[in-house]
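> In my numbering, the protein residues as written are 1 to 299. For reference, the structure I am asking about is given below.
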């Protein structure tokens with residue numbers, strides 16, 4: 001990752017050898033991660049790689065301000081959620097500042113997970129009375145019609161990532177209690193029509209699969225003392241017939257409106273397996289080239 005050699009001295013010091021730039025980055029990484037670990041953050045191998053990447057891009061970044069900003073911490077469930085990239089940090093700041101926040105970027109960048117963490121944290125502080133999480137009932141290459149049950153039962157498997165995020169923070173028993181009491185509601189987007197959502201933290205997930213009409217419907221549900229976070233990846237639209245994504249449309253229509261924030265993520269923000277970032281980058285490159293096998297044969 002960095003072409004440096006690091007060795008320990010007999011007195012417990014560290015010697016770094018390499019180019020001037022690489023030695024500077026390596027020194028910053030070691031010093032800042034050492035300070036961060038001293039404040040209780042469990043630094044792991046992935047954090048080292050991410051710190052190198054962040055400082056290689058921008059040496060002015062303060063790793064401490066990024067990695068020591070817990071959006072949610074629960075000693076009982078041992079859950080501690082913090083940003084891992086500058087874009088995630090900006091996303092958290094946007095959710096603390098704006099009533100409507102759009103998070104747009106590839107899978108694995110923490111868009112939904114951080115939104116759920118913020119929602120749970122604010123709920124437990126008494127800032128909101130309930131959390132409402134929704135997503136459109138659009139199949140990703142699969143057919144809901146063949147699944148048994150009513151609409152809720154059909155869509156429920158697609159909502160599983162949202163339940164998983166909730167259970168990570170408050171454990172399964174507490175999470176189920178919150179759902180049974182209606183403190184947390186997870187439902188298909190169609191169930192939002194005609195409602196006014198007051199005193200709620202509302203999350204619209206997989207928003208790239210909304211139509212323009214659905215996006216407008218959702219945004220106009222927001223009531224008093226409420227906040228909305230809309231997440232999605234405009235490159236992964238499953239809408240049929242070439243319909244325009246409501247998320248892509250909203251980014252154009254609502255840009256510049258005061259009180260609405262747009263946070264963009266890219267493959268550098270992916271916090272899953274390192275290969276996921278490479279896969280996303282490869283697909284982005286292929287899409288930019290816009291050369292399909294059929295077109296190559298035609299040419």
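Think of the CB as a built atom: it goes at the ideal place given N, C-alpha and C, for glycine as much as any other residue. Keep in mind it's a predicted model, so treat the numbers as computed, not measured.
Per DSSP, what are the beta-bridge partners of residue 264 in this structure?
Here residue 264 is taken as the residue at index 264 of the chain shown, counted from 1. 104, per the DSSP bridge assignment.
> From the DSSP output, in three-state form, read off residue 298 for me.
In the chain shown, residue 298 corresponds to position 298, counting from 1. Confidence is the limiting factor: at residue 298 the pLDDT is only 39, short of 50, which leaves the residue's position unreliable, though a coordinate-based value still follows. In the structure shown, residue 298 sits in a helix (DSSP, three-state: H, G or I).
> Can you give me the Cβ contacts of residue 283 inside the same chain, cut-off strictly under 8 Å, excluding the 5 residues immediately before and after it?
The count along the chain shown starts at 1 and reaches residue 283 at position 283. The answer, listed in chain order, is 235.
> Where DSSP assigns a beta bridge to residue 81, which residues make up the other side?
Along the chain shown, read from residue 1 onward, the residue named residue 81 stands at position 81. Paired residue(s): 72.
> By DSSP, does residue 187 sit in helix, in strand, or in coil?
Taking the chain shown and counting its residues from 1, the one referred to as residue 187 is at position 187. Strand.
> CA-CA distance, residue 249 and residue 31?
Position 249 of the chain shown, counting from 1, holds the residue named residue 249. Position 31 of the chain shown, counting from 1, holds the residue named residue 31. Taking the straight line from one Cα to the other gives about 44 Å.
> Quick check: the Cα distance between residue 266 and residue 86, rounded to an integer number of angstroms?
As a first step, residue 266 is located in the chain shown; it is residue number 266 there, counting from the start. As a first step, residue 86 is located in the chain shown; it is residue number 86 there, counting from the start. Roughly 11 Å between the two C-alpha positions.
> Within 10 angstroms of its Cβ, does residue 275 collect 16 or more other Cβ (buried), or is it exposed?
Walking along the chain shown from the start, residue 275 turns up at place 275. Classification of residue 275: exposed, given that the 10 Å Cβ count is below 16.
> Just curious, the beta strand (DSSP E) that residue 133 is in, first and last residue?
Within the chain shown, the letter at position 133 stands for residue 133. From DSSP, the beta strand (DSSP E) with residue 133 extends over 130-135.
> Please report the distance separating the alpha-carbon of residue 49 from that of residue 223.
Within the chain shown, the letter at position 49 stands for residue 49. Within the chain shown, the letter at position 223 stands for residue 223. Their Cα atoms are separated by approximately 43 Å.
> Should the region 219-233 be called in touch with the region 95-104, which here means at least 3 C-beta pairs below 8 Å?
The answer is yes - the region 95-104 touches the region 219-233, with three or more Cβ pairs under 8 Å.
> Measuring CB atoms only, is the region 254-263 touching the region 124-131, in the sense that at least three cross pairs come out at less than 8 Å?
No: fewer than three Cβ pairs fall under 8 Å.
> Can you grab the Cα-Cα spacing for the pair residue 52 / residue 189, in whole Å?
As a first step, residue 52 is located in the chain shown; it is residue number 52 there, counting from the start. As a first step, residue 189 is located in the chain shown; it is residue number 189 there, counting from the start. Cα to Cα, the separation comes out at about 40 Å.
> Given a threshold of 16 other Cβ atoms within 10 Å of its Cβ, counted over all protein chains shown, does residue 206 qualify as buried or as exposed?
Taking the first residue of the chain shown as position 1, residue 206 is located at position 206. Residue 206 should be labelled buried.
> Sorted by chain position, which residues of the same chain lie with C-beta nearer than 6 Å to residue 179's C-beta, five sequence neighbours on each side aside?
As a position in the chain shown, residue 179 is number 179, starting the count at 1. No residues qualify anywhere along the chain.
> Comparing alpha-carbon positions, which option in 176, 65, 110, 184 lies nearest residue 131?
Walking along the chain shown from the start, residue 131 turns up at place 131. Of the listed residues, the one whose Cα sits closest to residue 131 is 184.
> So which of 194, 34, 116 has the shortest CA-CA distance to residue 186?
The count along the chain shown starts at 1 and reaches residue 186 at position 186. Nearest C-alpha to residue 186: 116.
> Using the rule of at least 16 other Cβ atoms within 10 Å of the residue's Cβ for burial, across every protein chain shown, is residue 110 buried or exposed?
Your numbering for residue 110 matches position 110 in the chain shown. Buried.
> Distance check for residue 220 and residue 195, CA to CA, integer angstroms please.
Residue numbering aside, residue 195 sits at position 195 when the chain shown is read from its first letter. Residue numbering aside, residue 220 sits at position 220 when the chain shown is read from its first letter. When rounded, the distance between both Cα atoms is 9 Å.
> Kindly list the residues whose CB is nearer than 7 Å to the CB of residue 122, restricted to its own chain and excluding five residues on each side of it in sequence; keep chain order.
The residue you call residue 122 lines up with position 122 of the chain shown. The answer, listed in chain order, is 128, 201.
> What are the partner residues of residue 201, as DSSP defines its beta bridges?
Here the question's residue 201 lines up with position 201 in the chain shown. Paired residues: 131, 227.
> Determine, using beta carbons only, whether residue 25 and residue 8 come nearer to each other than 8 Å.
Indexing the chain shown from 1 puts residue 25 at position 25. Indexing the chain shown from 1 puts residue 8 at position 8. No, the pair does not count as a contact, with Cβ atoms beyond the cut-off.
> Name the residue from 260, 263, 208 whose alpha carbon lies nearest to the alpha carbon of residue 244.
Residue 244 sits at position 244 when you count from the first residue of the chain shown. It is 208.
> Quick one: Cα of residue 143 to Cα of residue 137, how far?
For the purposes of this step, residue 143 is taken as residue 143 along the chain shown, with counting starting at 1. For the purposes of this step, residue 137 is taken as residue 137 along the chain shown, with counting starting at 1. With a pLDDT of only 45 at residue 143, under 50, the local geometry of the prediction cannot be trusted, and no value is derived from it.
> What is the C-beta distance between residue 263 and residue 34, in whole angstroms, given that I count them as a contact (C-beta under 8 Å)?
For the purposes of this step, residue 263 is taken as residue 263 along the chain shown, with counting starting at 1. For the purposes of this step, residue 34 is taken as residue 34 along the chain shown, with counting starting at 1. About 30 Å; that fails the 8 Å criterion.
> For residue 145, which residues in the same chain have their Cβ closer than 7 Å to its Cβ, ignoring the five residues on either side in sequence?
Here residue 145 refers to the residue found at position 145 of the chain shown. Here the model assigns residue 145 a pLDDT of 48, short of 50, so the residue's position is not dependable, and the following value carries that caveat. For residue 145, where only same-chain residues beyond five positions count, there are no Cβ hits under 7 Å.
> On a Cα-Cα basis, can you pick out the residue from 40, 114, 45, 21 that is closest to residue 58?
For the purposes of this step, residue 58 is taken as residue 58 along the chain shown, with counting starting at 1. It is 21.
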